[in-house]
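Novice: Residue numbers (this note's numbering), protein chains in the order written: chain P, 1 to 134; chain S, 1001 to 1134; chain X, 2001 to 2134; chain D, 3001 to 3134. Here a beta-carbon is modelled for each residue, glycine too, at the ideal position from N, C-alpha and C. None of the values given here were measured: they were computed from a predicted structure. Dropping a structure here in structure tokens format, bear with me for questions.
Protein chains: 4
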Amino acid sequence: MENEDLTNIFAKTIEENEFMKMMGLEAVEVRRGYAKCRIKMDRKFCNPYGTLHGGILYSLADITAGFAACSYGPKAVTVDGDLHFLNPAIRTEYVYCEAKEQRRGNDLSVFGVEIMSDRDKILDTGTFTYFNIH
Amino acid sequence: MENEDLTNIFAKTIEENEFMKMMGLEAVEVRRGYAKCRIKMDRKFCNPYGTLHGGILYSLADITAGFAACSYGPKAVTVDGDLHFLNPAIRTEYVYCEAKEQRRGNDLSVFGVEIMSDRDKILDTGTFTYFNIH
Amino acid sequence: MENEDLTNIFAKTIEENEFMKMMGLEAVEVRRGYAKCRIKMDRKFCNPYGTLHGGILYSLADITAGFAACSYGPKAVTVDGDLHFLNPAIRTEYVYCEAKEQRRGNDLSVFGVEIMSDRDKILDTGTFTYFNIH
Amino acid sequence: MENEDLTNIFAKTIEENEFMKMMGLEAVEVRRGYAKCRIKMDRKFCNPYGTLHGGILYSLADITAGFAACSYGPKAVTVDGDLHFLNPAIRTEYVYCEAKEQRRGNDLSVFGVEIMSDRDKILDTGTFTYFNIH
């Protein structure tokens, strides 16, 4: 399967999932072992301090890394994932997340994630582990 | 301030925040250094496998621990937080989250979180660290 | 196999491993899904601030949880593990670590760890994930 | 202060600390916000499976990131740190660790760590958070 097809396949996954649509999630690029997604800043996802809720950022990270984990075919479920909130998500039109493969195993795969602003400022970093369901 | 007041104060925080309301979040109990919240299972928060999205569970955990972190007064921002997905959130009416203080510092506070089903089955565990803004 | 036997079996594991012996590790109690170990405070394991090195505490945690993970029989390797340093390890004769099972799976097991002083003050908390090698 | 001086300063820190010397730790390079250290593979630091103990790898990671955290001057203590064990440390003469600054704050700093073999194979990744003591 071509990489362009992969991006389209996950765009379709988003279309069929209510929560991903509600977030306004977009699949920017999906290749084997890699994914990039984005969401638009929206007041309705902000915490009382006016920055994006940590849970929205974590949703973006888990879904992006999940796309990368599923890019080889089998289903994958999240084992664990952490997020380090380095800088608040504020004053940016979009928030981008990239997931890069750190380990590809038969059973377990690990992805590093970075969340960035429009100007490529790193907002959050994290690591997500997936178990492949064969 | 009394503990009953604390629960009411955070119920009001929910009322005033669009994302928390959209999640259907309820503050069950907030005391100094402790918080318990719940959300109702809803198809619209489920992933393509039919279980609650990890990001919704993380939102629940971060907000619950954040209430516990703010229970002493000053504002607190999340430094980092991880979640271990032990069992899928499925076949339960509500999903509960408890946050218990592990460390209370002037600058940094740490909370252990547990997410449970109606029957007190542990679904997820995690640890969240907050920085107090004086 | 009886629990007393399990404690003895892991005491023998320590006897046969140079690093565990060097740490002065003792298996206090091992049951299925549970382990408790301890080490003696020693200047030679302290950092320049006079408290136990984080790496020694992590070694204690990973080995203790590893014993609990191996208490059912098959070998288990660490997938990941984190440690939160709540209070410095200082002014205690021994440092204790307890590992309690949070999830027992065919492939993946998860253990919560607590490191305590002589007076049961919690010094560190963490979560360790193991993959069972069948 | 020059970067060459920084490397020498931390080489001296190692000389004066019994545990770091016992590990055979070497400071390869320390700059502001960056550190690289290494240790030599040694049977006496291996677990019963013949690969380096997770606790030795964590010690290497925490000390390396700690050097980077202290490279600006003030003392720094570890808040938390996690390690993901991607590939076993085996069949390599040295094990290298690099710590790169992800966030530099007045109070809190965050470093990403990578542990590599002689041939730059990534063995472990992690994130360490430090609190600066002014």
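1) Whole-angstrom Cβ separation of P/Lys21 and P/Glu15, contact assumed at under 8 Å?
2) Where does P/Asp148 land, buried or exposed, given buried means 16+ other C-beta within 10 angstroms?
3) Quick one: which chain D residues come within Cβ less than 7 Å of S/Leu1108?
4) Work out the CA separation of D/Met3041 and D/Met3023 for me, nearest whole Å.
5) For S/Ser1109, list the residues DSSP reports as bridge partners.
6) Mapping the DSSP letters down to three states, classify D/Glu3029 as helix, strand or coil.
7) Taking the C-alpha atoms as reference points, what is the distance between X/Val2092 and X/Ser2117?
8) Between the alpha carbons of D/Ala3027 and D/Cys3037, how many angstroms are there, rounded?
9) Would you say D/Glu3018 reaches chain X, if we count a Cβ-Cβ gap shorter than 8 Å as a contact?
10) Is D/Arg3091 helix, strand or coil when you go by DSSP?
11) Taking only beta-carbon atoms, is D/Leu3025 less than 8 Å away from chain P?
12) Excluding sequence positions up to five away, which residues of its chain have a Cβ less than 7 Å from the Cβ of S/Phe1045?
13) Any chance the region 3077 to 3089 of chain D sits against the region 2083 to 2099 of chain X, with 3 or more Cβ pairs inside 8 Å?
14) Anything in the region 3085 to 3099 of chain D with a Cβ closer than 8 Å to a Cβ of chain P? List those residues in chain order, please.
15) Does S/Ile1115 come within less than 8 Å of chain P when only Cβ atoms are used?
16) S/Thr1127 versus chain X: which residues are under 9 Å apart at the beta carbon?
17) Tell me the rounded alpha-carbon separation between X/Ile2063 and S/Gly1073.
18) What residues of chain P sit near S/His1053, judged by a beta carbon separation below 9 Å?
19) To which residues does DSSP link S/Ala1076 through a beta bridge?
20) Among the candidates D/Tyr3096, D/Gly3050, D/Leu3006 and D/Phe3067, whose CA atom is the shortest distance from the CA of X/Asn2017?
21) Can you tell me which residues form a DSSP beta bridge with P/Asp124?
22) I'd like the list of long-range same chain contacts for S/Cys1070, defined as Cβ closer than 6 Å, with 5 residues on each side in sequence excluded.
23) Under the three-state reduction of DSSP, which class applies to D/Tyr3058: helix, strand or coil?
24) Applying a beta-carbon distance threshold of less than 7 Å, which residues of chain S neighbour X/Gly2050?
25) Can you list, in chain order, the residues of its chain with a C-beta nearer than 8 Å to that of S/Gln1102? Leave out the 5 residues immediately preceding and following it.
26) Should D/Asn3047 go down as buried or exposed, given a rule of 16 or more other Cβ atoms within 10 Å for buried?
27) Which residues in chain D have a C-beta closer than 7 Å to the C-beta of X/Lys2121? List them in chain order.
28) Smallest Cα separation from X/Asn2008: which of X/Ile2039, X/Thr2125, X/Phe2019 and X/Phe2067?
29) Using a 10 Å radius around the Cβ and a threshold of 16 neighbouring Cβ atoms, would you call X/Ile2133 buried or exposed?
30) Which one of X/Lys2012, X/Arg2119 and X/Arg2031 has the shortest CA to CA distance from X/Ala2089?
31) Determine the direct distance from the alpha carbon of D/Lys3121 to that of D/Leu3025, and round the result to whole angstroms.
32) Suppose you measure from the CA of P/Lys12 to the CA of P/Tyr94; what does that come to, to the nearest Å?
33) Between which two residues does the alpha helix (DSSP H) harbouring D/Lys3040 extend?
34) When the Cα of S/Arg1032 is compared with those of S/Thr1078, S/Tyr1130, S/Ala1061 and S/Arg1104, which residue comes out closest?
35) Residues of chain X with a CB under 7 Å from the CB of D/Phe3045: which are they?
Specialist: Answer, in terms of the structure:
1) Looking up residue 21 of chain P in the first sequence gives position 21. Looking up residue 15 of chain P in the first sequence gives position 15. The pair is a contact, with the Cβ atoms about 7 Å apart (cut-off 8 Å).
2) The question about residue 148 of chain P has no answer here: the residues shown for chain P are numbered 1 through 134.
3) The count along the second sequence starts at 1 and reaches residue 1108 of chain S at position 108. Residues of chain D passing the Cβ test: Val3079 and Phe3131.
4) As a working mapping, residue 3023 of chain D is identified with position 23 in the fourth sequence. As a working mapping, residue 3041 of chain D is identified with position 41 in the fourth sequence. D/Met3023 and D/Met3041: Cα-Cα distance of roughly 10 Å.
5) Here residue 1109 of chain S refers to the residue found at position 109 when the second sequence is read from its first residue. Looking at the DSSP assignment, S/Ser1109 forms a beta bridge with S/Arg1104 and S/Tyr1130.
6) Looking up residue 3029 of chain D in the fourth sequence gives position 29. Three-state DSSP puts D/Glu3029 in a strand.
7) Position 92 of the third sequence, counting from 1, holds the residue named residue 2092 of chain X. Position 117 of the third sequence, counting from 1, holds the residue named residue 2117 of chain X. Here residue 2092 of chain X turns out to be Thr, not Val, going by the sequence shown. Pairing X/Thr2092 with X/Ser2117, the inter-Cα distance amounts to about 6 Å.
8) For this step, residue 3027 of chain D is matched to residue 27 along the fourth sequence. For this step, residue 3037 of chain D is matched to residue 37 along the fourth sequence. Taking the straight line joining both Cα atoms gives about 5 Å.
9) In the fourth sequence, the residue the question calls residue 3018 of chain D occupies position 18. Yes, D/Glu3018 lies at the interface with chain X (some Cβ there is under 8 Å from its Cβ).
10) Your numbering for residue 3091 of chain D matches position 91 in the fourth sequence. The answer is coil: DSSP assigns D/Arg3091 none of H, G, I, E or B.
11) Taking the fourth sequence and counting its residues from 1, the one referred to as residue 3025 of chain D is at position 25. Judged by the 8 Å Cβ criterion, D/Leu3025 is not in contact with chain P.
12) By 1-based counting over the second sequence, the position of residue 1045 of chain S is 45. Here the set comprises Leu1052, His1053 and Ile1056.
13) When Cβ pairs closer than 8 Å are counted between the two stretches, the region 3077 to 3089 of chain D is seen to touch the region 2083 to 2099 of chain X, the count reaching three or more.
14) Answer set for the region 3085 to 3099 of chain D: Leu3086 and Asn3087.
15) Within the second sequence, numbered from 1, the residue matching residue 1115 of chain S stands at position 115. So, not an interface residue.
16) Position 127 of the second sequence, counting from 1, holds the residue named residue 1127 of chain S. Asp2082, His2084, Thr2125, Gly2126 and Thr2127, listed in chain order.
17) In the third sequence, residue 2063 of chain X corresponds to position 63, counting from 1. In the second sequence, residue 1073 of chain S corresponds to position 73, counting from 1. C-alpha separation (whole angstroms): 39 Å.
18) What you label residue 1053 of chain S is simply residue 53 of the second sequence in a count that begins at 1. Ordered by position in chain P, the residues that pass the 9 Å Cβ test against S/His1053 are Asn17, Phe19, Met20, Ser59, Asp62 and Ile63.
19) Counting from one through the second sequence, the residue named residue 1076 of chain S turns up at place 76. Beta-bridge pairing links S/Ala1076 to S/Asn1132.
20) On the third sequence, position 17 is the one that residue 2017 of chain X refers to. Nearest of D/Tyr3096, D/Gly3050, D/Leu3006 and D/Phe3067 to X/Asn2017, Cα basis: D/Gly3050.
21) Here the question's residue 124 of chain P lines up with position 124 in the first sequence. BP columns for P/Asp124 point to P/Phe85 and P/Ile115.
22) Working through the second sequence from its first residue, we reach residue 1070 of chain S at position 70. Cβ within range, chain order: Ala1076.
23) Indexing the fourth sequence from 1 puts residue 3058 of chain D at position 58. Of the three classes helix, strand and coil, the one that applies to D/Tyr3058 here is helix, per DSSP.
24) Reading the third sequence from its first residue, position 50 is the one you call residue 2050 of chain X. Within 7 Å Cβ-Cβ: nothing; X/Gly2050 doesn't reach chain S, min ~20 Å.
25) Stepping through the second sequence from its first residue, residue 1102 of chain S is reached at position 102. Closer than 8 Å at Cβ, skipping near neighbours: Val1110, Phe1111, Gly1112 and Thr1127.
26) Counted from its first residue, the fourth sequence places residue 3047 of chain D at position 47. By the Cβ-count criterion, D/Asn3047 is buried, with 16 or more other Cβ atoms from all chains shown falling within 10 Å of its own Cβ.
27) By 1-based counting over the third sequence, the position of residue 2121 of chain X is 121. Per Cβ cutoff of 7 Å: no residues; X/Lys2121 is ~17 Å from chain D at best.
28) Taking the first residue of the third sequence as position 1, residue 2008 of chain X is located at position 8. Residue X/Phe2067 is the option with its Cα nearest to X/Asn2008.
29) Counted from its first residue, the third sequence places residue 2133 of chain X at position 133. Exposed, by the Cβ-count rule.
30) Indexing the third sequence from 1 puts residue 2089 of chain X at position 89. Distances from the alpha-carbon of X/Ala2089 to those of X/Lys2012, X/Arg2119 and X/Arg2031 put X/Arg2119 closest.
31) Reading the fourth sequence from its first residue, position 25 is the one you call residue 3025 of chain D. Reading the fourth sequence from its first residue, position 121 is the one you call residue 3121 of chain D. Computed Cα separation, rounded: 20 Å.
32) Here residue 12 of chain P corresponds to residue number 12 of the first sequence, with the count starting at 1. Here residue 94 of chain P corresponds to residue number 94 of the first sequence, with the count starting at 1. If you draw a straight line from the Cα of P/Lys12 to the Cα of P/Tyr94, it comes to about 21 Å.
33) As a working note, residue 3040 of chain D is residue 40 in the fourth sequence. In the DSSP annotation of this structure, D/Lys3040 is not part of any alpha helix (DSSP H); the continuous beta strand (DSSP E) holding it starts and ends at Tyr3034 to Lys3040.
34) Along the second sequence, read from residue 1 onward, the residue named residue 1032 of chain S stands at position 32. If we check each option's Cα against that of S/Arg1032, S/Arg1104 comes out closest.
35) Numbered from 1 along the fourth sequence, position 45 holds the residue referred to as residue 3045 of chain D. Within 7 Å Cβ-Cβ: Phe2019.
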